[in-house]
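Peer 1: To start, I am sharing the structure in question, which I have written as structure tokens.
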Amino acid sequence: MPPYIEECRREWKRLGVPDSLAEEMAAELEADLAEAEADGVSAAEILGESDPRRFARTWATERGLVPEPQPKKNRTWMWITASLVLLVFLLLVFPAFAIVGVSSGGSETVEVSPVRRAGPIRVPKLLGLPVCKAVVTANIAGLDAHAPNGSCSALVVRQKPRAGAVVAGNTAGTSFAKLWVRPARG
Amino acid sequence: MRRMAAESRRSQMLRGVLDLCLLAVVVDEPAYGYEMTRRLKERGLSTVGEGSIYPLLGRLERDGLVATHRAASDGGPPRKYYRTSPSGRSALAEGVRAWRDVRNEVDSVLAAVEAEVA
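So, in structure tokens, the structure goes:
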């Protein structure tokens, strides 16, 4: 078998072309080249391509035996979109989750953070209070708190740390107090 | 340099219609690859330019525009024969129509230039 065709076969094998089809193409090419040579026609005229690997790849691709190379996508827009989505998430969704989380038993939690005042803070009793009132109370004590929208009348059913505990101030960014709230009964 | 440019232009122009030429030479009688090259030559297309007919035959086969079968040749090894399929005939008819339209339009534009050059 001529070296050109041997090289084609190697390329087809590398590309994962099934052996039977590679064999068929190699046999077709070999027979045609032999006949062309007998007619005094050069192999170059028949093949039209000096690079056997490129020739083999093109042929296999056109036959649909290997996937066509995908054009490189412009990834700039993809990155811009992903960045915008992330930004929106960070600005809107993440803070909402940081403030209000859903806990088991159908109640919500209100995270109280961070401290607004330096120095130790005595955690007030917030249990049983409507959440808006609890937030105000927490604020007065020096804790930063927000109530979830539309749940002002929900009652605080659990708090952490417990009332009367003393927490250090200036721990910005660290959640150190949490309220569990339950919607008020109609 | 000018000759190379002319060859390149010819090659590019052929690229769009070589599939039609291949379909045309096996529309009545099947042929194997090299035999098709010979038929093209007999009809006046001596060189097919850059590339080869094999990838093009591969595409025609993939698209179902040619049907293939293996058969013994005259005293040689079995060959793969190509023949224009029914959908290939439709594609050929449509392609020839499109080619003639384009050729006429281009001829109309270039006719004046031809007169000046002559």
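Residue numbers (this note's numbering), protein chains in the order written: chain A, -5 to 180; chain B, 3 to 120.
Cβ atoms here follow ideal geometry from the backbone N, Cα and C, with glycine treated the same way.
Can you tell me the Cβ-Cβ gap for T86/B and V29/B, rounded? I've got them flagged as a contact below 8 Å.
Peer 2: With 8 Å as the limit, T86/B and V29/B qualify as a contact, their Cβ atoms being about 4 Å apart.
Peer 1: Note down, in chain order, each residue of its chain lying with its Cβ closer than 7 Å to the Cβ of A54/A, except the 5 sequence neighbours on either side.
Peer 2: Result list for A54/A: W6, L9, V11, V60, in chain order.
Peer 1: Look up P124/A in the DSSP assignment and give the residues it is bridged to.
Peer 2: Answer is L149/A, bridged to P124/A.
Peer 1: My parser needs the alpha helix (DSSP H) runs of 4 or more residues fully inside the region 3 to 32 of chain B; what are they?
Peer 2: Taking only runs of at least 4 residues, the alpha helix (DSSP H) segments lying wholly in the region 3 to 32 of chain B are 4 to 17, 20 to 27.
Peer 1: Does any residue of chain A have a CB that is nearer than 7 Å to the CB of S89/B?
Peer 2: Chain A contact via Cβ: absent.
Peer 1: Please go through the same chain and pick out, in chain order, the residues whose beta-carbon is closer than 6 Å to the beta-carbon of L25/B, but skip the five residues on each side of it.
Peer 2: Around L25/B: T86, G90, L94.
Peer 1: Since K43/B and E18/A should fall inside the 8 Å C-beta cutoff, what is the C-beta to C-beta distance between them, to a whole number of angstroms?
Peer 2: That belief does not hold up - the Cβ atoms of K43/B and E18/A are roughly 25 Å apart, past 8 Å.
Peer 1: Give the secondary structure of A73/B by DSSP, where H, G and I count as helix, E and B as strand, and everything else as coil.
Peer 2: Strand at A73/B.
Peer 1: Name, in chain order, the residues that DSSP records as bridge partners for Y83/B.
Peer 2: Partner(s): H71/B.
Peer 1: Could you tell me which of S10/B, C23/B, R5/B sits nearest to G97/B, measuring between CA atoms?
Peer 2: When only C-alpha atoms are compared, the closest one is C23/B.
Peer 1: Could one say the Cβ of K82/B lies closer than 7 Å to chain A's Cβ atoms, at least one of them?
Peer 2: Yes, K82/B lies at the interface with chain A (some Cβ there is under 7 Å from its Cβ).
Peer 1: Work out the CA separation of E31/A and S92/B for me, nearest whole Å.
Peer 2: Each residue's Cα considered, the two are about 35 Å apart.
Peer 1: Taking 7 Å as the threshold (C-beta atoms), are V82/A and L120/A in contact?
Peer 2: It is not a contact, given that the beta carbons lie outside the stated cut-off.
Peer 1: So E63/B contacts chain A; which residues on that side make the cut at Cβ distance below 8 Å?
Peer 2: Those within 8 Å of E63/B in chain A are R57.
Peer 1: Whose C-beta lies closer than 6 Å to the C-beta of Q14/B among residues of the same chain, with five residues either side of it excluded?
Peer 2: Correct list: empty, nothing qualifies.
Peer 1: Looking at chain A, is there any beta carbon in it that lies within less than 7 Å of the beta carbon of G66/B?
Peer 2: Closer than 7 Å: no.
Peer 1: With burial defined as no fewer than 16 other Cβ atoms inside 10 Å of the residue's Cβ, what is the status of D21/B: buried or exposed?
Peer 2: So D21/B counts as buried.
Peer 1: Checking the sheet assignment: what are the DSSP bridge partners for I115/A?
Peer 2: Answer is V161/A, bridged to I115/A.
Peer 1: Quick one: which chain A residues come within Cβ less than 8 Å of V50/B?
Peer 2: Within chain A, the residues near V50/B are G42.
Peer 1: Can you check whether the C-beta of G46/B is within less than 7 Å of a C-beta belonging to chain A?
Peer 2: No, no contact with chain A.
Peer 1: Ordered along the chain, which non-local residues of its own chain (more than five positions away) have a Cβ less than 8 Å from that of R156/A?
Peer 2: Answer for R156/A: V117, listed in chain order.
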